[in-house]
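Enquirer: Numbered according to my numbering, the sequence shown spans residues 8 to 462.
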Amino acid sequence: GSQVLDRICEEILPRINNKINKLTLDQHSIKSTLRAIVYPQLYSLSLVNLQPDTLLPYLTGNTKLHYLLTNQITHLDINIIDRRTTALNDENESEIFSLILSTGKCLTDLTFRQWFRCTNSRISIFYMPSTSCVSSTLTKLNINVDTFDDCLYILDGRLDSLSVLIINIREISTPLSNIDNTKQLRKLKCFSLLAYSRTYFYDSRVVPLLCRMSNLEELTLYLAITRIESTYIDGTHLYDGILIHMPRLTKFNFCINTLVFNKDIINLPSNNDIQHSFVKRGYQQIDSYTHKESEKGSTCHIYSLPYQFDCFYVNCHFHGGIFDKVQCVMMGEIEHPFEHELFQIISHSFPFLHTLVICNYQPQKRKQHSSTIVTFPYLRSLDLQRTNVDYGAQFLCDTKIHLPSLLNLIITYESLAMITNNFTNDMTRLTCARLQRLIICGSSKSNSSLGTLLG
């Protein structure tokens, strides 16, 4: 590895350095690749799988990276991998983001993504001084942030040339400040908002922001919304509340899941009503399903087609389709079990599924499954920690569901012990033996037979 890299840096790069426009570097190659070679035509740089402590010195010292950012780089893609296992502060990541903007005098396109082992940590602009995170050249930003306030601060004028914002927000919650959410954002042409955690603040925070984007041409929304004493988000609401304020909009991709609690005070529309609300506004390529649960809320899932997101939420009313971009499916249900037939639909609908999370404590009613074995050929991660034992039995027995690529499993100790007959059942050994990572929740017990089960 290191010998090959040294040879490339010593013998190959010096001969082609004048022709290199783009570079992709990782934790191991950044030092040797940037050490002594000049890249006069380099304008695009990707830094992948870097630790924050590794990257920070390159931005603060008299380094080649600092020179390139100041004088040449227009396109920068940074992928930070933070291997902390506890929720420490994210000062390094925030400082890195601020330094990039202050150093990148030519920067027009920035992607800044962080992947944390502790998923509760994201970059936060809200706590940074108002003089930081400023750029007059940046036109496109793709970033993960902590709160909705961070999004508002990005759009407060400190990035005054910004026309494209792609933002993934960990949490849309109560305001942390009195930042203005009324000023028109006339320069913004493309806006993508992804927030996977459920929010109660869609109507009070998200809608006012979207209404400020009068010149928007492309809009993407992925939202999970909870509303009290209200109704579902449908085509009528989206048009009258948001889209009517965007006369130049030509492209709208969305996936919106609404959970409503209203104690039957408001009559909720049927699935046909939901679809008609889009058709009458000229939106033909959509799909939806609704599900009314007694006292535990009612849900409606609406999404544009072809589906453009890598995550999808499923309950027992999902009727299928083809979603070839989806890699993660979250299945949730309170009152009804997931039967074998639904998993057949899911395996067909999501052909490239990598991650499956199931939340359902209802026992299956039809345990004598059909002779058809369901196969998830690319499934690598399976989360069963919030399920009835029936789902573990179904997924870990190769006679019911085949998981040839499974590497990561999350499950409770009690479920695993029951399924494997105290870790002795041969039927589960084939599936478990391939695992690289097993997380057992809910018990500190150990069992000498567990190693045998895992092969």
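Ideal Cβ positions, reconstructed from N, Cα and C, are used throughout, including at glycine.
On the three-state DSSP scale, how would you describe residue 339?
Expert: Three-state result, residue 339: strand.
Enquirer: With 16 other CB atoms within 10 Å as the buried threshold, where does residue 45 fall?
Expert: exposed
Enquirer: Assign residue 342 to one of two classes, buried (16 or more other C-beta atoms within 10 Å of its C-beta) or exposed (fewer than that).
Expert: exposed
Enquirer: When DSSP builds the beta bridges, which residues end up paired with residue 262?
Expert: 229 and 310
Enquirer: Which of helix, strand or coil does DSSP assign to residue 329?
Expert: coil
Enquirer: By Cβ distance below 7 Å, which residues in the same chain neighbour residue 220 in space, the five residues on each side in sequence not counted?
Expert: 192, 195, 198 and 253
Enquirer: Can you say whether residue 408 is buried or exposed, counting buried as having 16 or more other CB atoms within 10 angstroms of its CB?
Expert: Residue 408 sits buried, since 16 or more C-beta atoms from the chains shown fall within 10 Å of its C-beta.
Enquirer: Looking at the strands, I want to know which residues DSSP matches up with residue 11.
Expert: Bridge partners of residue 11: none, in fact.
Enquirer: Given this structure, state the Cα-to-Cα distance separating residue 325 from residue 101, to the nearest angstrom.
Expert: Computed Cα separation, rounded: 40 Å.
Enquirer: What first and last residue would you give for the beta strand (DSSP E) that runs through residue 390?
Expert: 388-394
Enquirer: Hey, would you say residue 223 sits closer than 8 Å to residue 256, going by beta carbons?
Expert: Their beta carbons are under 8 Å apart, which means residue 223 touches residue 256 by this criterion.
Enquirer: Would you kindly work out how many angstroms separate the C-alpha atoms of residue 5 and residue 160, rounded to a whole number?
Expert: Residue 5 lies beyond the stretch modelled for the chain, which goes from 8 to 462, so this question has no answer here.
Enquirer: How big is the Cα-Cα spacing for residue 10 and residue 182?
Expert: 53 Å
Enquirer: Which residues in the same chain as residue 269 place their Cβ atom closer than 6 Å to its Cβ, once the five residues preceding and following it in sequence are excluded?
Expert: The beta carbon of residue 269 sits closer than 6 Å to those of 236, all from its chain and outside the five residues before and after it, given in chain order.
Enquirer: Count the CB pairs spanning the region 48-56 and the region 30-37 that are closer than 8 Å, and state whether there are at least three.
Expert: yes
Enquirer: How about residue 150 and residue 174: do their beta carbons lie closer than 8 Å?
Expert: yes
Enquirer: For residue 293 versus residue 309, is the C-beta spacing smaller than 8 Å?
Expert: yes
Enquirer: Give the secondary structure of residue 368 by DSSP, where H, G and I count as helix, E and B as strand, and everything else as coil.
Expert: coil
Enquirer: Just reading off the alpha helix (DSSP H) that residue 74 is part of, what are its end residues?
Expert: 71-78
Enquirer: Just list the residues that DSSP pairs residue 116 with in beta bridges.
Expert: 82 and 147
Enquirer: Tell me which residues share the same chain as residue 85 and place their Cβ nearer than 6 Å to its Cβ, disregarding the 5 neighbours each side in the sequence.
Expert: 54 and 119
Enquirer: Per DSSP, residue 298 forms a beta bridge with which residues?
Expert: Its beta-bridge partners are 306.
Enquirer: Alpha helix (DSSP H) containing residue 38: first to last residue?
Expert: Note, residue 38: alpha helix (DSSP H), 37-41.
Enquirer: Compute the distance between the beta-carbons of residue 113 and residue 70, then report whether it is under 8 Å.
Expert: no
Enquirer: Can you name the start and end residues of the alpha helix (DSSP H) that residue 424 belongs to?
Expert: 420-426
Enquirer: Can you have a look at residue 14 and say buried or exposed, based on whether 16 or more other CB atoms are within 10 angstroms of its CB?
Expert: exposed
Enquirer: For residue 448, which residues in the same chain have their Cβ closer than 8 Å to its Cβ, ignoring the five residues on either side in sequence?
Expert: 392, 417, 418, 419 and 420
Enquirer: Helix, strand or coil for residue 207 per DSSP?
Expert: Looking at residue 207 - three-state DSSP - the assignment turns out to be coil, as it is neither helix nor strand.
Enquirer: Sort 209, 153 and 354 by Cα distance to residue 338 and report the nearest one.
Expert: 354
Enquirer: Within 10 Å of its beta-carbon, does residue 17 have 16 or more other beta-carbons around it, so buried, or fewer, so exposed?
Expert: exposed
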